[in-house]
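*Asks:*
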Amino acid sequence: MSIFSNRADSAAEEAEAYIDAVLGLLGDQDPLVVLGSTAEFCARRTAELTVSQLRTPEAPGKWSVAALLQHWADSELVWGYRLRRVLAEERPVLTGFDQDVWAERLRYAEADRDAALTLFTAIRDANLGLLRSTGPGDLDREGMHVERGAESLRHMMRLYAGHDLAHRRQLERIIATIGAGSVG
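For the sequence shown, the working numbering assigns the number 147 to the initial residue and increments by one for each residue that follows.
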């Protein structure tokens, strides 16, 4: 099991290792640059994939490109909600979500590439616009994540940028595994 999987059944126990792993991927990179370039990266890397390639999982029980794109869109939706709560409320409680249950029940495997990318891009652009408009001290505002404890908006930006980098690697790996490595 990859440390980047952040499974819901052990998320609290694995939270520190997950945080270290995604922040390690980010390193000294500017999180706003990573966050601002991910949607275009996804669009470019998946533009020439066939529907069959988009829906072929990396391995049995693993996600396909289509499922990964839908996860990105839904994760951005969740982050947008958390971001707005932290900006508007005093130390709100931020709940986690079980990405595997969402993937199953929301039929990520059947996701449409263009719809997932459109949703992801629109929400990401709105979230980045909101972040860029924050006032002095806003990035230090905190929410209380039920699995990870206090998280500032500054920290969340770094986590989501690291999350992007982890999934970019996953996307590249899936494309290579399904034999579409020369695409994009």
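We put the beta carbon where it would ideally sit given N, CA and C, even for glycine.
Compute the beta-carbon to beta-carbon distance between GLN216 and ALA262, rounded to the nearest angstrom, for a pair I have assumed lies under 8 Å.
*Replies:* Residue mapping note: residue 216 aligns to position 70 of the sequence shown, counting from 1. Residue mapping note: residue 262 aligns to position 116 of the sequence shown, counting from 1. The Cβ separation is near 5 Å, so the contact holds.
*Asks:* For SER221, report the span of its alpha helix (DSSP H) as first-last.
*Replies:* Your numbering for residue 221 matches position 75 in the sequence shown. Per DSSP, SER221 belongs to the alpha helix (DSSP H) from 211 to 234.
*Asks:* Tell me the DSSP secondary structure of VAL292 in three-state form.
*Replies:* For the purposes of this step, residue 292 is taken as residue 146 along the sequence shown, with counting starting at 1. In this structure, VAL292 counts as coil in the three-state DSSP scheme.
*Asks:* Residues in the same chain with beta-carbon distance under 8 Å from ALA296, minus the five sequence neighbours each way, listed in chain order, please.
*Replies:* The residue labelled residue 296 in the question sits at position 150 within the sequence shown. Here the set comprises ARG237, GLU288, GLY289, MET290.
*Asks:* If ASP286 and ARG300 are in contact, beta carbons under 8 Å, what's the gap, nearest whole angstrom?
*Replies:* For the purposes of this step, residue 286 is taken as the residue at position 140 of the sequence shown. For the purposes of this step, residue 300 is taken as the residue at position 154 of the sequence shown. The beta-carbon separation of ASP286 and ARG300, rounded to 6 Å, stays under the 8 Å limit for a contact.
*Asks:* What's the C-alpha gap between ARG314 and SER198?
*Replies:* Residue numbering aside, residue 314 sits at position 168 when the sequence shown is read from its first letter. Residue numbering aside, residue 198 sits at position 52 when the sequence shown is read from its first letter. Taking the straight line joining both Cα atoms gives about 20 Å.
*Asks:* Could you tell me if the beta carbon of VAL247 falls within a distance shorter than 7 Å of some heavy atom in the ligand FAD?
*Replies:* The ligand FAD is absent from the structure shown, which contains no ligands of any kind.
*Asks:* Tell me the DSSP bridge mates of SER298?
*Replies:* Here residue 298 refers to the residue found at position 152 of the sequence shown. Looking at the DSSP assignment, SER298 forms a beta bridge with GLU288.
*Asks:* So does the stretch 206 to 223 actually touch the stretch 246 to 266, counting three or more Cβ pairs closer than 8 Å?
*Replies:* yes
*Asks:* Less than 7 Å between C-beta atoms, sequence neighbours within five positions excluded: which residues of the same chain meet that for PHE187?
*Replies:* Here residue 187 refers to the residue found at position 41 when the sequence shown is read from its first residue. Excluding residues within five positions, the ones whose Cβ falls inside 7 Å are ARG314.
*Asks:* Classify LEU181 as helix, strand or coil using the three-state DSSP reduction.
*Replies:* Position 35 of the sequence shown, counted from the first residue, corresponds to residue 181. Looking at LEU181 - three-state DSSP - the assignment turns out to be helix.
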